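Residue numbers (this note's numbering): 13 to 349. Ideal Cβ positions, reconstructed from N, Cα and C, are used throughout, including at glycine. Bear in mind the structure is a predicted one, so any value in this text is a computation, not a measurement. Take a look at the structure below.
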């Protein structure tokens, strides 16, 4: 897909099968022009436009276009673009896996000779998904090029993997058992922390006493991160089930795979279904990425907790004691940096 100046939605280019100098020209198409195109879809020279914002499927208006300020409004959503340049993605093209060699060549020539890329192109992206049956994992590939206001080009790519079934193998069942044990241990530790909070409140008469201790703040932050990870894990599990319902081995997106003219016209419902699947897959990848980031923070907090909890011992607590006595120097060092 591509975007043109980020706001343009008008059709552009031309259908080279109607241009007699094109390598894909078909003389018989002249007789079918009114059957294939409406009046507004033909330019002033009598040649049909080649590319439309929704590829004439109506999918853009129905589910994709929710406003250029909304990241949910991408064709085949890509929210990882660093500059959010894909807010107004339009003019989708699909290289179907069922294309034979001659059809794939014809589509490539239509893009080339129909001027799919020109001086008005602001952003171009390509993406596809694969599925590994053995590991039950989807892989989502994305490559994009953005034209910067300065005239330079910015390149971006990403590869995301999404496990479609979390608990389908023996190793998954073992992991599930470990997760149950972890949940029980977490609930026990959380109950100890709540008990400590209630004791301090009863002893001092203030709920804020608990929060004046740095060790308690570390524990609380750790438990909050764990709860966030649990919520993300549950969201990923249920979302993956919904995504599998949307997944199909093939989407018959094009209106007519053997059409001699208007080759790129898409079916409405098939384009919508394919878009929903890619959106669901991308959202799962985002959930997984966020989950992994939370786990990284959790591991850092666990290391800090370990140092804190070992401070009771004169030898095991040497790190925490050293940090405590050097707190002023460390504070000055980091502040000055």
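Length of the line joining the Cα atoms of residue 41 and residue 302
51 Å
Buried or exposed (CB count within 10 angstroms, at least 16 for buried), residue 200:
Under a 10 Å Cβ-count criterion, residue 200 is classified as exposed, with fewer than 16 other Cβ atoms of the shown protein chains found around its own Cβ.
Identify, in the order they occur along the chain, each residue of the same chain with its Cβ nearer than 7 Å to the Cβ of residue 320, setting aside the five sequence neighbours on each side.
227, 230, 332
What residues in its chain sit with their C-beta under 8 Å from that of residue 307, if we drop five residues either side in the sequence?
Counting only Cβ-Cβ distances below 8 Å, and skipping sequence neighbours, we find 241.
What residue range is occupied by the uninterrupted beta strand (DSSP E) comprising residue 64?
Where residue 64 is concerned, there is no enclosing beta strand (DSSP E), given that its DSSP letter is neither H nor E.
In chain order, what residues of the same chain lie with their CB nearer than 8 Å to the CB of residue 32, ignoring the 5 residues before and after it?
39
Looking at the structure shown, is residue 47 part of a helix, part of a strand, or coil, going by DSSP?
helix
Pick from 261, 253, 49, 191 that is closest to residue 109, judged by C-alpha positions
261
Count the C-beta pairs between the stretch 152-162 and the stretch 48-59 that are closer than 8 Å, then say yes if the count reaches three, no if not.
The count of Cβ pairs closer than 8 Å, one atom from the stretch 152-162 and one from the stretch 48-59, stays below three, leaving the stretches out of contact.
Using DSSP with H/G/I as helix, E/B as strand and the rest coil, what is residue 93?
Confidence at residue 93 is low in this model, with a pLDDT of 43, below 50, so the placement of that residue should be treated as unreliable; the coordinate-derived value is given next. Coil, per DSSP.
Please report the residue range of the beta strand (DSSP E) in which residue 139 lies.
133-144
Three-state class that DSSP yields for residue 174 in the structure shown
strand
May I ask you to report which of helix, strand or coil DSSP gives residue 287?
helix
Three-state secondary structure assigned by DSSP to residue 358:
Outside the modelled stretch of the chain, which goes from 13 to 349, sits residue 358, for which no answer is possible.
Could you check if residue 69 is buried or exposed, using at least 16 other CB atoms within 10 Å of its CB as the buried criterion?
Legend: pLDDT at residue 69 = 49, less than 50; position of this residue unreliable, value from coordinates given subsequently. Buried, since its Cβ has 16 or more Cβ neighbours within 10 Å.
Limits of the alpha helix (DSSP H) - the one that residue 246 falls within:
226-258
In three-state DSSP terms, what is residue 346?
helix
Helix or strand or just coil, what does DSSP make of residue 183?
Look at residue 183 here: in three-state DSSP terms it is helix.
Any idea which residues DSSP pairs residue 149 with across the strands?
144, 175
Hey, how far is the Cα of residue 23 from the Cα of residue 102?
10 Å
Taking only beta-carbon atoms, is residue 156 less than 9 Å away from chain D?
Absent from the structure: chain D. Only one protein chain is present.
Which residues mark the beginning and the end of the alpha helix (DSSP H) in which residue 335 is found?
Start and end: 330-337.
Is DSSP giving residue 281 helix, strand or coil here?
helix
Tell me the DSSP bridge mates of residue 312?
DSSP lists no partner for residue 312.
Output yes or no for whether 9 Å exceeds the beta carbon distance between residue 282 and residue 263.
yes
Closer than 8 Å by C-beta to residue 34: which residues in its own chain qualify, once you throw out the five before and the five after it? Chain order, please.
28, 121, 125
From residue 317 to residue 259, what distance separates their C-alpha atoms?
43 Å
Cβ-based neighbour list, residue 297, same chain, cut-off 6 Å, excluding 5 preceding and 5 following:
152, 172, 174
Outcome for residue 291 when other beta-carbon atoms lying within 10 angstroms are tallied against a minimum of 16:
buried
Can you tell me whether DSSP reads residue 192 as helix, strand or coil?
helix
Under three-state DSSP, which class holds residue 222?
helix
Can you list, in chain order, the residues of its chain with a C-beta nearer than 7 Å to that of residue 336? Leave out the 5 residues immediately preceding and following it.
none
Residue 225: which of 209, 217, 237, 300 sits nearest, CA to CA?
Relative to residue 225, the option among 209, 217, 237, 300 whose CA is nearest is 209.
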